[in-house]
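A.B. asks: Below is the structure I would like to discuss, written out as structure tokens.
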Amino acid sequence: MLREKNPPSRFEIWKMFDKISPTYDMVNRVMTFGLDCLWRKKMAAFLPEKKALTLLDCATGTADQLLAFMRYSKKITSATGIDLSQEMLQIANQKIKKKGFDSCISLQEASLLDLPFENSCFDCISISFGIRNVVDVNKALQECFRVLKPQGRLLILEGAVPNNRLLKAGHHFYLRYLLPFLGGVISGQPQAYRYLNDTISSFPCGEKFCAYLKDVGFTSVKATSFTGGAVCIYQGDRIT
């Protein structure tokens with residue numbers, strides 16, 4: 099399969115997401131066989147024990163994760179979603195209004211590398227399938243740590259690479275060939291899904307990413323894998 103000579107730059111990745119926004123949800127359902135909905139549901143089980151939570155969802159996209167939280171948890175009293183893609187945010191806004199959550203969810207165009215919030219103002223921060231697209235992962239994690247309240251929690255849902263040799267081979271074939279082909283057919287943007295393949299394959303998963311969290315200052319760090327190791331939920335707490 100031919101590679102793009104000029105793959106999307108992480109500095110302007112939002113432009114790519116603008117282009118694929120109309121079919122983004124459909125491609126996610128098809129390419130994960132609907133499992134992405136299950137993974138987002140599982141994220142709700144990792145929310146802090148506190149009963150009244152303020153939540154920030156970074157790289158919120160079309161708000162699938164925000165809506166999953168609101169559906170499967172009664173703990174969240176207010177939530178904010180940020181993204182750099184205006185087209186994604188427009189779709190997210192429509193979905194939020196349709197579900198009747200517009201009174202407790204707000205959306206904002208903003209970067210994970212420069213969060214426009216004061217220190218210590220959220221009980222929980224979530225990032226689903228977005229951290230691998232960030233130019234400076236360490237800076238993004240530092241920003242999350244900064245705006246989390248003491249006793250707050252960071253939750254990250256991200257693609258991973260299975261450890262099992264057979265599963266790893268099948269996963270590689272899927273990412274390298276099936277994902278770009280089917281994603282391209284549905285969206286008309288094959289280069290976008292070749293890029294996403296590359297970011298998943300090169301992302302430091304498992305204990306390697308846990309080390310990033312610990313270096314920033316997060317404690318009680320753990321990684322929980324699902325679907326044979328194809329995805330992982332990372333948890334890190336800010337104690338003080």
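Going by the working numbering, the first residue of the sequence shown is number 99, and it counts up by one from there. Yeah, the Cβ is synthetic: ideal placement off N, Cα and C, and Gly gets one too.
Determine the DSSP secondary structure at Glu102, reduced to helix, strand or coil.
C.D. replies: Model confidence at Glu102 stands at a pLDDT of 39, short of 50, so the residue's coordinates are unreliable and nothing is read from them.
A.B. asks: Using 10 angstroms around the beta-carbon of Phe307, count the other beta-carbons present and answer buried if the total reaches 16, otherwise exposed.
C.D. replies: Classification of Phe307: buried, given that the 10 Å Cβ count is 16 or more.
A.B. asks: Which same chain residues end up closer than 7 Å to Asp200 when comparing Cβ atoms and leaving out the 5 residues on each side of it in sequence?
C.D. replies: Excluding residues within five positions, the ones whose Cβ falls inside 7 Å are Ile194.
A.B. asks: Whole angstroms is fine: what's the gap from Gly286's alpha carbon to Thr338's?
C.D. replies: Approximately 47 Å, taken between the alpha carbons.
A.B. asks: So what's Ser176 in DSSP terms, helix, strand or just coil?
C.D. replies: In the structure shown, Ser176 sits in a strand (DSSP, three-state: E or B).
A.B. asks: Using alpha carbons as the reference points, say which of Asn191, Lys148, Thr158, Lys149 lies closest to Ile254.
C.D. replies: Comparing Cα-Cα distances from Ile254 to each of Asn191, Lys148, Thr158, Lys149, the minimum goes to Thr158.
A.B. asks: Below 8 Å, can you find three or more Cβ-Cβ pairs linking the region 257 to 267 to the region 135 to 152?
C.D. replies: The answer is no - the region 135 to 152 does not touch the region 257 to 267, with fewer than three Cβ pairs under 8 Å.
A.B. asks: Check this for me: beta carbons of Ser209 and Met141, under 8 Å apart or not?
C.D. replies: Contact: no.
A.B. asks: Spatial neighbours of Cys156 within its chain, please: CB distance less than 6 Å, with the 5 preceding and 5 following residues excluded, ordered by chain position.
C.D. replies: The residues are Ile180, Leu210, Ile225.
A.B. asks: Give a yes or no on whether the C-beta atoms belonging to Ala190 and Leu213 are separated by under 8 Å.
C.D. replies: It is not a contact, given that the beta carbons lie outside the stated cut-off.
A.B. asks: Let me make sure I understand the geometry here. Which of Cys330, Arg230, Arg169, Val314 has the alpha-carbon closest to that of Tyr293?
C.D. replies: Checking every option, the nearest Cα to that of Tyr293 belongs to Arg230.
A.B. asks: How many whole angstroms separate the CB atoms of Tyr310 and Leu252, which I take to be in contact at a CB cut-off of 8 Å?
C.D. replies: Contact flag wrong, Cβ pair sits at about 11 Å.
A.B. asks: For Tyr122 and Glu241, I'd like the C-alpha separation in whole angstroms.
C.D. replies: About 27 Å.
A.B. asks: Nearest-angstrom Cα distance between Asn217 and Pro146?
C.D. replies: Between Asn217 and Pro146, the C-alpha separation is close to 19 Å.
A.B. asks: Could you tell me the distance, in whole angstroms, from the CA atom of Phe167 to the CA atom of Ile174?
C.D. replies: Each residue's alpha carbon lies about 8 Å from the other.
A.B. asks: Using C-beta distances below 7 Å, list every residue in its chain close to Trp112, excluding the 5 sequence neighbours before and after it, in chain order.
C.D. replies: Only Leu182, Ser183 meet the Cβ criterion.
A.B. asks: Would you check if the distance between the CB atom of Leu264 and the CB atom of Met129 is smaller than 8 Å?
C.D. replies: Not in contact: Leu264 and Met129 (Cβ atoms no closer than 8 Å).
A.B. asks: Around the C-beta of Phe271, are 16 or more other C-beta atoms found within 10 angstroms, so that it is buried, or is it exposed?
C.D. replies: Exposed is the call here.
A.B. asks: In three-state terms, what does DSSP make of Thr322?
C.D. replies: Reduced to three states, the DSSP call for Thr322 is strand.
A.B. asks: State the DSSP-derived secondary structure class of Cys135, mapped to helix, strand or coil.
C.D. replies: Residue state, collapsed to three classes: helix.
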